[in-house]
Each structure stands twice: as C-alpha cells, then as structure tokens.
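These notes are about the structure you will find just below.
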Amino acid sequence: MTKVFLTALLAAPAAALAVSGSAIAAESASDPVVSFDQAPVQLAQITSVSELTDVLPSDWAFQALQSLVENYGCIQGYPDRTFRGQRSMTRFEFAAGLNACLDVMAVLISQAGLDPEDLATIRRLQEEFQAELATLRGRVDALEAETATLRAQQFSTTTKLRGQADFHIGAPFDTLDAGGIVEDSVSVASRARLNFDSSFTGRDRLRIRLQGRSGDFLTPFGGLANGGDGNFNVAIDDFYYSFPLGNRITTTIAARGLSNDDWVTSTIVPFDGPGVADPSTPAFYGAGGSTSNGAGVGINVALTDSIMLDLGYTSANSGATDPARGITAAQGQSYIAQLNFLPEGFLNAAVTYMGSDNSAPTWGGAPGRTDTFAGLLNLDFGRFFIAGYAAWTDFDGGDDFNWTAGIGFNDFLMEGAQFGVYGGQLPQTDGFLDNPWIVEGYYDIPVSQFVTLTPALIYGDANLGGPDDTTFYGVLRATFRF
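Just so you know, this note's numbering puts 1006 at position 205 of the sequence shown, and the rest follows in order with no gaps.
Written as structure tokens, this is what we have:
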C-alpha cells in the first residue's frame, strides 16, 4: 500500500489514471485533448508502442490497460468515479497508472489467479514500459529510503518544541519617587521561553521549560505579567509530569517551577493572559508568603462536567532538596484548594483557600503562617464580561484585604481582539500598612496566528511611604509564538 500511495504522489499532478490530478479532474470528460479534425500530418511508421513519446486512446497499450481496469478495478480513477479513458498522456503518466494496476494485480494473482490472456497482456505491458516502470520504482525506493532516514534522525517521536518571546517597551509619563530619584527614561524588558512537551500515552505530558528574561520596570506593582527579574541567564523554569488517573482525575508531579495558580483549572478572570501587568492575574495567588518555583504535587478532580476541585502543594527548592527537611518540612511551603464552577454559559466562579508557611517575606507577603480565603467571579454577557476577585489574608501580626474588578470586550473592533480595563487594591507590601493599587487598560490585538500586539496604559500608587509613589506608564508588548 505504501508503494501505491507514493506512486500516486509521483504521478501528480498530470497522471490521468492516478487518484490525484485535481487540475485534470476539473475539466469536462467530453473535452478532447487531441483534436482529430485537424489537417492531416505526415506520420512516421512505428513497429512498437515503446517508440511512442505519448500514449493515445487508440494505442494497443492504452486499450489493454483500460481492459484490466474495467475487469479488475485495479485503479480507482477520478474523484467522480470516472476512468476517462479517451485522454492521451505521457509515457511516464501511463507508467504510473500501470504500476498502480500491477500492484493490485499481484495481490489478485496470489489469491485467485488470472485469466491466461490477461497474464499475457500484463507481461507485454511490462516489457513495453520496462524503462518507465524501472525509473518510477527507483524514485519510489529512493523516497522510501529518504523517509526512513528522516524518521531515524528526527529529534523525538514524542516531543514537541513550542516557544514564546515577549518584548516590552515602557514609556513613563510619571514615575514614582523612590528616595528623591525619579526615573523617566524609556525602558525595555523581555522574556523568552522554550517548552519541550512530551507525551508517552497521548493523555499525559512531560514538560521541561527553558527560560531567560531581562528584568522588569513594574516591580512595585508585582511586575509585568510576562516579565521578571534576570539578566538573560537561561535556566529550567518548569519541570513537571502530568498524567490522568481514570477519566476524572489528573495528577501533576513537579520538580520545579509551579506556583499556586499553576495548580488550578482556571483563574476565572479573563484579564489573565491578555493583561500586561502581573496583577491581571489575581494577585492573591502570589501573595501571603506563598511559595513559588518549587517542587510539589497537584490533583485536579472533575466532580461533574462543570465542577472541578483543585488541590496543590508547593515546597521551596531549598527545603525540597535538603534530605534533613524534605518537601513536607521545608521552611517555605504553601497549599491551595480551589473549587471551580465552570458551566458553559453566563457564570464562572471559584472559591479558594491558601495556606503557607514562609520563613522569609516575598512581594506582598509576610513571614510566618498565613491563611487566605478568596472568591473569583466572571459574568460573560457574550460581547463583554465583568469579572474580579476578593481575598482576605490572616497572617502573624495582622490581616489584609485585596481585590480587583473590571470589564472587558471580546472581538473589540476585530475578531479575536480583547479590550479591557481593570483596577483594584493589591496585597500589602512588607512593612507598610497601606495597600498599593493599580488601574490598567489594555487592548490585545492578534496580528496573526503567531504574533500578538498589546498596548496598555498602567497607572498606580505603590504606597511606599515616599513623597510621590504614583506611576503612569505606556507599555507596548509584542508576543511571538512559534
């Protein structure tokens, strides 16, 4: 079957007897290729069909092959189930059809035998077109050898490489005054990722992600959604294996890279992804002393088709690799449980509990034990949505309340685009009683399947205790996926 398929490829696009040949198939069956009403021309006398440079419907070889096709169905013909036997063709086109027929006839001979007259016809056809058949089969053999070489030398039969590169240009209209120093210069930040995704059963995934990034100019507000600190030092950012247990449970085991929001089925709010600033993702996931980029395990359970339960545990790398502590006794660990309501339609919602034990503060976090309770909501009206979250955190020495809310418009001005505005009060920054707050307006524009441009205006107050903690940025993000 492989040779028949490859033969058909070699015969395209003009083979009149092959299954392909879409250009010829579009013509009417009644349109003759050769007009026999033309003025008579002087023809040379020939003794064999092998002397012809093309094959006409009146030739013996053409009629012999046509008889085999009609008696044994050894060629499918055109998509409209016609053979179109009145057309002339080149000798190589004829040989392609003959070769396809011979492959089928060989099977018929081994099974039930053939009429002696037909066997004699086949032998004569093979002799008449011996040179063309040898050339054609040589090409097929060469293609098969080349295909085998490519399969043997390819990187992996199970691994797919996916990449994403994000470039940010930030122009400050008004930047915060930190210690009397005001920075008003245009800034650039970028991040590059390469994901190696492997599957061994078709339902599982092993991911190894390499990441490098160049820094961030929105650090007091949690940073850029697709940014982060660094000097383009490439490192393994994600390393985990996800696999199903039955039809309703998925388990993920991570050696590195997963945070609280990576364990959940959905972060509910549609700002997560299109937004440029990191608080477009509900900020409570990364606050309250939560641990990120460590080892851990997560379970996602589909209680029904629309209700999902997510459970996750993350340990800091310093504890996970220390045999004296291990992942369950590390000073730096967090837990999450989230119940999602995700029906098709108007309402998506979730309730979340997070607990953490962190010996050192992080952005928006606090040392010691913390407990966070949150609710998330998205109301989808079709062309637009209203979404947000609210979270309350209890920690050693106090508590904290943070929230964001906003509105967005899908397919705004063009298909696939999203325009959104959100704002709110972010989690506390260590050592300060007042919460930062932020407002962002963005327009996510899909230029193509692989390129997205997102201009955004970001305004906020970091509440760092300085004379002027406000900032106002215009940012353009370009995202390339490959």
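Glycine included, each C-beta is placed from N, C-alpha and C at the ideal position.
All values derive from a computational prediction rather than experimental measurement.
Within the same chain, Cβ atoms closer than 6 angstroms to the Cβ of Asp1235 are found at Asn1264, the five residues on either side in sequence being excluded. Beta bridge pairing from DSSP links Trp1204 with Ala1191 and Gln1226. In this model, Thr1171 and Thr1194 are separated by some 7 angstroms (Cα to Cα). Here Phe1281 really is in contact with Ala966; their C-beta atoms are around 5 angstroms apart, less than 8 angstroms.
Under the three-state reduction of DSSP, Asp860 is assigned to coil, being neither helix nor strand. For Arg1004, same chain residues with a beta-carbon under 6 angstroms away, outside a window of 5 residues either side, are Pro1045 in chain order. Taking C-beta atoms as the reference points, Thr950 and Pro1075 fail to come closer than 8 angstroms. As DSSP reads the structure, Pro1045 sits in a beta bridge with Thr1051. Residue ranges of uninterrupted beta strand (DSSP E) with 3 or more members, entirely inside the region 892–976 and ordered along the chain, are 960–975. Check the Cα spacing between Gly1146 and each of Gly1176, Ile1137 and Arg1184: the tightest is with Arg1184.
Apart from the 5 residues on each side of it in sequence, Leu1177 sits with its Cβ closer than 6 angstroms to the Cβ of Ile1069, Ala1151 and Tyr1190 in its chain, given in chain order. In the structure shown, Asn872 falls within a helical segment according to DSSP collapsed to helix, strand and coil. Here DSSP, grouped into helix, strand and coil, assigns Pro1075 to coil.
Proximity of the region 1094–1101 to the region 1049–1063 meets the contact definition, three or more beta-carbon pairs being nearer than 8 angstroms. If you ignore the 5 residues before and after Ile1009, its C-beta comes within less than 6 angstroms of the C-beta of Phe997 and Phe1040, all in its own chain and listed in chain order.
Considering only Ser986, Leu1019 and Phe1033, the residue with the shortest C-alpha distance to Arg994 is Phe1033. Of all alpha-carbon atoms in Pro1080, Leu899 and Thr1020, the one lying nearest the alpha-carbon of Tyr1243 is that of Pro1080.
Each residue's CA atom was taken as its position, placing Met1215 and Leu909 some 59 angstroms apart. Gly964 and Phe1283 have their C-alpha atoms roughly 5 angstroms apart. Between Tyr1086 and Asn1061, the gap from beta carbon to beta carbon is short of 8 angstroms. Rounded to the nearest whole angstrom, the C-alpha separation of Tyr1260 and Arg1278 is 16 angstroms. Trp1064 is not bridged by DSSP to any residue. Excluding residues up to 5 positions away in sequence, Ser999 and Tyr1042 lie with their Cβ nearer than 7 angstroms to the Cβ of Leu1007 in the same chain. Just measuring C-alpha positions, the residue of Val1077, Thr1173 and Ala1218 sitting nearest Ile970 is Val1077. For Ser999, the enclosing beta strand (DSSP E) stretches over residues Ser988 to Ser999. Judged by DSSP in its simplified three-state form, Gly1146 adopts coil rather than helix or strand. Taking every protein chain shown into account, the CB of Ser1157 has 16 or more other CB atoms within 10 angstroms, so this residue is buried. Per DSSP, Asn1034 is not a residue of any beta strand (DSSP E), being assigned neither H nor E. Beta-bridge partners of Val1248 (DSSP): none assigned. With 16 or more neighbouring CB atoms inside 10 Å of its own CB, Asn1141 falls in the buried class.
The C-alpha of Tyr1223 lies about 53 angstroms from the C-alpha of Thr948. The alpha-carbon of Gly1016 is positioned some 54 angstroms away from that of Asp942. Non-local C-beta neighbours of Gln1139 in its own chain, meaning closer than 6 angstroms and more than five positions away in sequence, comprise Val1065, Asp1111, Ala1151 and Thr1153, ordered along the chain. In the three-state DSSP reduction, Ser1157 falls in the strand class (E or B). Under a 10 Å Cβ-count criterion, Phe895 is classified as buried, with 16 or more other Cβ atoms of the shown protein chains found around its own Cβ.
Residue state for Pro1256 is assigned as strand, using DSSP reduced to three classes.
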